[in-house]
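Enquirer:
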Amino acid sequence: MRIMVWYIAILILSVFLLNSFAYAQGLNGYFDLNNNTSKQYEDGERTSSSRTFNRNLYLNVQEPITPVLSYQFNLRSNFLDSETRDSLDTTSKRYVRSLEPALDLILGNPTYSFNGGLRRREQWSAAHMNNDNRKTYEYYYARFILSPEALPSLTLQVDRQKNYDYLSHRAVDDSNTVYAINSAYELPSRDLKFRYTLNYSYTVDKTPLILTNKTLSDNFTGTYAIGYAGRFWENKADYSLGYQGDYSRYKNTQFVSQTGKVLNERIPFGGLYIFDTIPVDPTKGPLNPENDLINNNYITPITSINIGPVIPATDHTNHNIGIWVSPEKAVDRLYIYVDKDVSNDINLGNISNWQVYKSNSNNTETVWTWIDLKEVMIVPVEGLTSNNIFRYEIIFLTEQNASYFKAVNLATVDSINVALNEPVYVTEIEAYGTDTVSDNKSSEAYNYFTQQLYFNTNYRPTSKLTLALNYSIDRSDQNMVSLVNSLLGIVENIFTDSFRGDKWNFTSNVTRGYGASSTWLTHRFLTTSFRVQRNEFFDNIEETDFISNSYNLSFLTEPLPTLNANLSLTRSDNYSFSEKSSTNDSILLSVGSRLYRDLNMITDIIYTRAYSFASETTSTTRQVNGIIDALLTRKLSGNFTYHISRTLSDGTSADSKDGAVFITYRPGKLINVSGNFKIADNDGDTTTTEGMLLDWLPLPAVRLNANYQHSNSEPGPVKADTINGYIIWYVTKFADVRFINSYTKQVDDIKTEIYSMSGRLNCRF
């Protein structure tokens, strides 16, 4: 009865508000119906099928009350029915019913603002809505923002979220309260640079139903930068110097109802990512920073990390998704969050389609160690199921201590679970470990401090000659002795490799680089550049001591407006713990030309040679890459790419050749036809792919799209055919209907067929 009363009250309030502003400019929303059916067959026998019917409604009203005060009311509802059957006709069903009203008040002007609001989502996990399958998610917030011109800004924020169910013995009953303060400032000056950002938050997590019934988090982060740039010697010389830092302190206090083993998240210092477009050795090389992976935003996708089904699958595999944590606490699992329902994914739910590695460094000489896995589980994220947020829980066979962890996907999401070519984006990564709690209260604290000093200068003695010098030093400390110790330490590390204090009680990594370069306009058609660079990597615990000396000589010429060429010669000598470890030489010749009007060509010829002193082996690589693009006629264009490489190493060889042709025909604005052909040969393993795409507007309100792709891989053979297409009918300016069909067939030892069909109605107002 309480549910029905509450439900009716919400509807009455919604009707009242929407009726009052039915003709107001602030009213908008949408209604969306989406039905998807998919079936998979192996040798003619059905192995699985699924059906999903999703309905979404969103209504929004935003209106001013006074010139400085306005409100926003919105209402969301979601009805989801999902059914999956396996080869034994075992059926699993999933239902979601949710209703979420929200009200926000906005008060402010350009100098200050105050925002406050509340949201309440009622969610049922069954077709029949009652208290046995009902959960409530409440959220309240208040923010005060002061942003005076040319002065530091100040933000005060309070957020509270409470989740609970209605069972007699509750399975969900938790709350989260966050108090935060933020200040930021940037000096409005052209020559002198100064900025800072300070953030402090205090979080109270109450989870009375589990072993850890309360957690207090006390976090502070501060970033700052100061620098100066100027000119001298009658503007013939310029310089820039600066110092910047990033300090973070984390403290967690846990209260447990009884002693025992507790699963705890490891505090992340950074997110890491790289995509191996050509699969390379995943045990070597660094990852790039990607802090969107650790920003606690589980909903917003990272569009560069797409693991959705596609043909060929290699386009979406070999994503290296990493995290940086303290090595003091062991890690026994990684959580990788995605923005689609992947609950029935048999590909990435398989332990053999993930590889996980660890390392204590992240630089050019890093060697990653393989971690044996125990299992992979796929679970929905509590409180985010209406957003279709799921996670892969990758559990290690044994716990591991390291600073860096990364997971590499060797397959994509199964196309029976998500439609072919539909993106599945990664949103977050987390690391967890199991701790033994021997007291009812335990605390842990971490601090992390990174600093950088840099100096750059350029001198132009003549109009044709430029000389440059650069120096930089980066130092990162984990659980540092003190701020003063680290501040003085980076100054000492300019001149020495020593560390202040007991070097075994904290971890410090230093990267030091300095170099010189010259650029000489030798002739009006020739520019010569020479660069010398030295990079040093070392730490205080004697795990890293690496030096790289590199020398580069390059010649750039542009004798004609339609022709340019660049010849680059590079040598790099690498040392590990004062012993020479390797020497690398490379030659690059790049030629760009316009052979004819609308006919362009770029060719790269590359030679590399690497010698390892430890193994006394030599590796050489020769490769040629090229691209030709042409506008053949006003309606016809083409593109041709090719790659040829050969690698010799210690008596073994590896050959790789691939080429691709793309042709596009546009007879008019309303039709587009394109075709493609690709062939790749890697040491005798050959893959060919050909396809065609048609995109057509036969009527102003109708759009047709059809795509066919065929691939053949040897040895095997493995043959795959994919046909998909869609029709969009733009019923009105604010409504459209879409019909999407997809068929995939793969033949190897068995014949696998996947049929997928969906329809969608979307209305906007």
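Counting with my numbering, you get residues 15 to 779 for the letters of the sequence shown.
Note that CB positions come from ideal geometry on N, CA and C, so glycine has one too.
In this text, all values refer to a predicted model and were calculated from it rather than measured experimentally.
(1) Note down, in chain order, each residue of its chain lying with its Cβ closer than 6 Å to the Cβ of Asn266, except the 5 sequence neighbours on either side.
(2) Checking the sheet assignment: what are the DSSP bridge partners for Gly730?
(3) Whose C-beta lies closer than 6 Å to the C-beta of Asp46 among residues of the same chain, with five residues either side of it excluded?
(4) Measure from the alpha carbon of Gln760 to the alpha carbon of each residue in Asn320, Ile754, Ser727, then state which is nearest.
(5) For Leu650, collect the residues of the same chain with a Cβ closer than 6 Å to its Cβ; drop the 5 residues on either side in sequence, then sort them by chain order.
(6) Just checking my contact of Asn8 with Leu583 at CB under 8 Å: how many whole Å lie between their CB atoms?
(7) Distance check for Leu201 and Tyr351, CA to CA, integer angstroms please.
(8) Going straight from the alpha carbon of Phe93 to that of Thr51, what length do you get?
(9) Hey, how far is the Cα of Met494 from the Cα of Glu379?
(10) Can you name the start and end residues of the alpha helix (DSSP H) that Ser500 belongs to?
(11) Using only CA atoms, which one of Gln492, Ser772, Thr476 lies nearest to Glu248?
(12) Report all residues from its chain with a CB closer than 8 Å to the CB of Phe35; omit the five preceding and five following residues, and keep chain order.
(13) Which whole-angstrom value is the C-beta distance of Asn377 and Phe551, which I expect to be below 8 Å?
(14) Whole beta strand (DSSP E) runs in the segment 259 to 292 with 3 or more residues, listed along the chain?
(15) Quick one: what's Lys420 bridged to in DSSP?
(16) Compute the Euclidean distance between the alpha carbons of Asn309 and Tyr462, then round it to the nearest angstrom.
(17) Below 7 Å CB to CB, which residues in the same chain sit around Ile764 once its five sequence neighbours on both sides are set aside?
(18) In the DSSP assignment, what are the bridge partners of Lys220?
(19) How far does the beta strand (DSSP E) with Pro341 in it extend, from its first residue to its last?
(20) Suppose you measure from the CA of Ser127 to the CA of Met615; what does that come to, to the nearest Å?
(21) At a cut of 8 Å, does the segment 128 to 138 reach the segment 150 to 157 through at least three beta carbon pairs?
(22) Measuring only the C-alpha atoms, how far is Ala38 from Arg774?
(23) Can you check DSSP and say which residues form a bridge with Lys176?
(24) Comparing C-alpha positions only, which one of Pro714, Thr702, Leu707, Ala715 sits nearest to His724?
(25) Taking the C-alpha atoms as reference points, what is the distance between Arg174 and Ser182?
(26) Label Arg184 either buried or exposed according to how many other C-beta atoms from any shown protein chain fall within 10 Å of its C-beta, with 16 as the threshold for buried.
(27) Between Val638, Trp368, Gly447, which has its C-alpha nearest Ile601's C-alpha?
(28) Looking only at its own chain, which residues have a Cβ that is under 6 Å from the Cβ of Arg474, when we skip the five neighbours before and after it?
(29) Are the segment 591 to 611 and the segment 573 to 580 in contact at 8 Å, needing three or more beta carbon pairs?
(30) Can you tell me which residues form a DSSP beta bridge with Thr634?
(31) If contact is defined by three or more beta carbon pairs under 8 Å, each pair taking one atom from either stretch, is the segment 586 to 604 in contact with the segment 400 to 407?
(32) Touch check for the segment 661 to 675 and the segment 691 to 700: three-plus C-beta pairs under 8 Å?
(33) Determine whether the beta carbon atoms of Ile316 and Val440 lie at a separation below 8 Å.
(34) Considering only C-alpha positions, which residue in the set Asp118, Tyr722, Lys455, Glu396 is nearest to Leu83?
(35) In the DSSP assignment, find the beta strand (DSSP E) that holds Asn377 and state where it starts and stops.
(36) Rounded to whole angstroms, how far is the Cβ of Asp290 from the Cβ of Asn334, which I believe are closer than 8 Å?
Expert: The relevant details are as follows:
(1) Ser231, Glu458
(2) According to DSSP, Gly730 bridges with nothing at all.
(3) Asn70, Asn776
(4) Ser727
(5) Tyr679
(6) Limits of the chain in this structure are 15 at one end and 779 at the other, which puts residue 8 out of reach.
(7) 39 Å
(8) 17 Å
(9) 25 Å
(10) 497 to 506
(11) Thr476
(12) Residue placement at Phe35 is poorly supported in this model, since its pLDDT is 40, which falls under 50; the coordinates are not used for a value here.
(13) 6 Å
(14) 274 to 279, 282 to 289
(15) Gly336, Tyr371
(16) 17 Å
(17) Glu56, Asp57
(18) Ser189, Lys228
(19) That residue, Pro341, is in no beta strand (DSSP E); it is neither H nor E in DSSP.
(20) 56 Å
(21) yes
(22) Here the model assigns Ala38 a pLDDT of 42, short of 50, so the residue's position is not dependable and the matter cannot be decided.
(23) Glu152, Ser189
(24) Thr702
(25) 24 Å
(26) exposed
(27) Val638
(28) Lys250, Thr480
(29) yes
(30) Arg623, Leu662
(31) no
(32) yes
(33) yes
(34) Asp118
(35) Looking at the DSSP string, Asn377 is not in any beta strand (DSSP E), and its letter there is neither H nor E.
(36) 7 Å
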